[in-house]
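Engineer: Here it is, the structure, as structure tokens.
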Amino acid sequence: MTTAHITPPPSPSVGASAAGEIFYPHKHLLGIEGLYPHELTGLLDLADTYVEQNRRTNKKKSLLKGLTMINLFFENSTRTRTSFELAAKRLGADVINMQADSSSVKKGETLLDTAITLNAMHPDILVVRHADSGAVKLLSEKVSGAVINAGDGQHEHPTQALLDALTIRRRKGRIDGLRVAICGDILHSRVARSNIHLLNTMGARVRLVAPPTLLPNSIDHLGCEVFHDMREGLKDCDIVMMLRLQLERMESSYLPSVREYFHFYGLDYDKLSVAKPDALIMHPGPMNRGVEIDSLVADDINRSAIQEQVEMGVAVRMACLDALTRATRNAEADQ
-17 MTTAHITPPP SPSVGASAAG EIFYPHKHLL GIEGLYPHEL TGLLDLADTY VEQNRRTNKK
43 KSLLKGLTMI NLFFENSTRT RTSFELAAKR LGADVINMQA DSSSVKKGET LLDTAITLNA
103 MHPDILVVRH ADSGAVKLLS EKVSGAVINA GDGQHEHPTQ ALLDALTIRR RKGRIDGLRV
163 AICGDILHSR VARSNIHLLN TMGARVRLVA PPTLLPNSID HLGCEVFHDM REGLKDCDIV
223 MMLRLQLERM ESSYLPSVRE YFHFYGLDYD KLSVAKPDAL IMHPGPMNRG VEIDSLVADD
283 INRSAIQEQV EMGVAVRMAC LDALTRATRN AEADQ
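See the structure below:
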């Protein structure tokens, strides 16, 4: 086991929100790194209210009526894109979905040309997924509306971390002090990076469990305990967060075989037995059953929160859309 420590950013004493209030002064949501605890708590508190709204018969509000959101996905995604679309429509926004394989990008248009073209249509929110780390930030510097990072390369996936945090907080009542194991393909995972930043900032103790070949070189700077033995890593954990093995991003041999990977790093009841008896099982999806997680564990309604994560995703994205458009809506109301 190796250990490194980082210190979460101090919260500013001026302008911090009271409990339950939203305090998000940023124009965009590009990542979790650098956000303060009260900003994250504000977004989670707001998302909690949308969970209750989504469980009613009438799920729609007109909060974003007149605003336009464009889903701009340069990578395939069903779960995240649909979740954002549903969130925006439940708040009354107009939604346009664009896939790169059916856009001008396919004809050679650059990312910046695409941004300039879209900006001329005056969208209020752009939700962007891109295969390159940093591409979403670059685009955000060229458009007028708010930009939400829906996953960029191996960098960050902030709304996934927020929905994971909301799931944990609703199940455990807190995040501070929990022992969380993030297991599997850390190297290629933007989900892992956003979760590490968020969980560290909110006071959790984060463990990373993976073979050495699936850990980034910068692992010592992430403020986590590192384990290469699954049983040692899961011992006494409150949360076991599994990651998808991203074989499509592996250009060389990272593993002897998928079968051997499951033997050493796949989550089954035998390995889970060393975690706390009420340890919660999580996975961002889509799952590779029998590769990183056994089906019996994944479908255990008493231990698995995987379906709840999907539900929390819509509520978290509604909260983000609400928070990021408040300045626009307030300016409109003042005219």
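Sequence positions in the sequence shown follow the numbering used here and run -17 to 317. Just so it is clear, CB atoms sit at the ideal spot from N, CA and C, and this is done for glycine as well. Bear in mind that the values here come from a model prediction, so they are computed numbers and not experimental data.
1) Shortest alpha-carbon distance to P259 belongs to which of R151, F66, S286?
2) Can you find the residues in the same chain that come closer than 8 Å, C-beta to C-beta, to G159, ignoring five residues on each side of it along the sequence?
3) Can you name the start and end residues of the beta strand (DSSP E) that V188 belongs to?
4) By the three-class DSSP mapping on this structure, what secondary structure does S(-1) have?
5) Can you grab the Cα-Cα spacing for the pair I201 / M103, in whole Å?
6) Taking V222 as the reference, give the member of E214, L180, H265 with the closest Cα.
7) Between which two residues does the beta strand (DSSP E) carrying N182 extend?
8) In angstroms, rounded to a whole number, what distance separates the CA positions of Y247 and D106?
9) For D146, count the other beta carbons within 10 Å of its own beta carbon; 16 or more makes it buried, fewer makes it exposed. Which is it?
10) At the level of alpha carbons, what is the spacing between M212 and R72?
11) Taking D252 as the reference, which of K217, L237, N36 has the closest Cα?
12) Could you say which of E274, H179, G127 lies nearest to L249 if we only look at CA atoms?
13) Are E138 and G13 closer than 8 Å when you measure CB to CB?
14) Return the chain-ordered list of same chain residues with a C-beta closer than 6 Å to the C-beta of D316, the five sequence neighbours on each side being excluded.
15) Helix, strand or coil for G269 per DSSP?
16) What do you get for H(-13), buried or exposed, if any count of 16 or more other CB atoms within 10 angstroms of its CB means buried?
17) Mind the definition here: the region 189 to 199 touches the region 153 to 173 only if three or more C-beta pairs lie below 8 Å; say whether that holds.
18) Is I283 a contact residue of the ligand ATP, with contact defined as CB to any heavy atom under 7 Å?
Structural biologist: Taking the coordinates as given:
1) S286
2) G185, A186, R187
3) 187 to 191
4) The predicted model places S(-1) with a pLDDT of 42, which falls under 50 and marks its position as unreliable; any figure quoted below should be read in that light. If DSSP states are grouped into helix, strand and coil, S(-1) belongs with coil.
5) 42 Å
6) H265
7) Where N182 is concerned, there is no enclosing beta strand (DSSP E), although the alpha helix (DSSP H) it sits in stretches over 172 to 183.
8) 43 Å
9) buried
10) 41 Å
11) K217
12) E274
13) yes
14) none
15) Note that residue 269 is Met in the sequence shown, not Gly. Residue state, collapsed to three classes: coil.
16) Because the pLDDT at H(-13) is just 43, under 50, the model does not fix this residue reliably, and the point stays unresolved.
17) yes
18) For the structure depicted, the ligand ATP is absent and the ligand set is empty, with no information on it obtainable.
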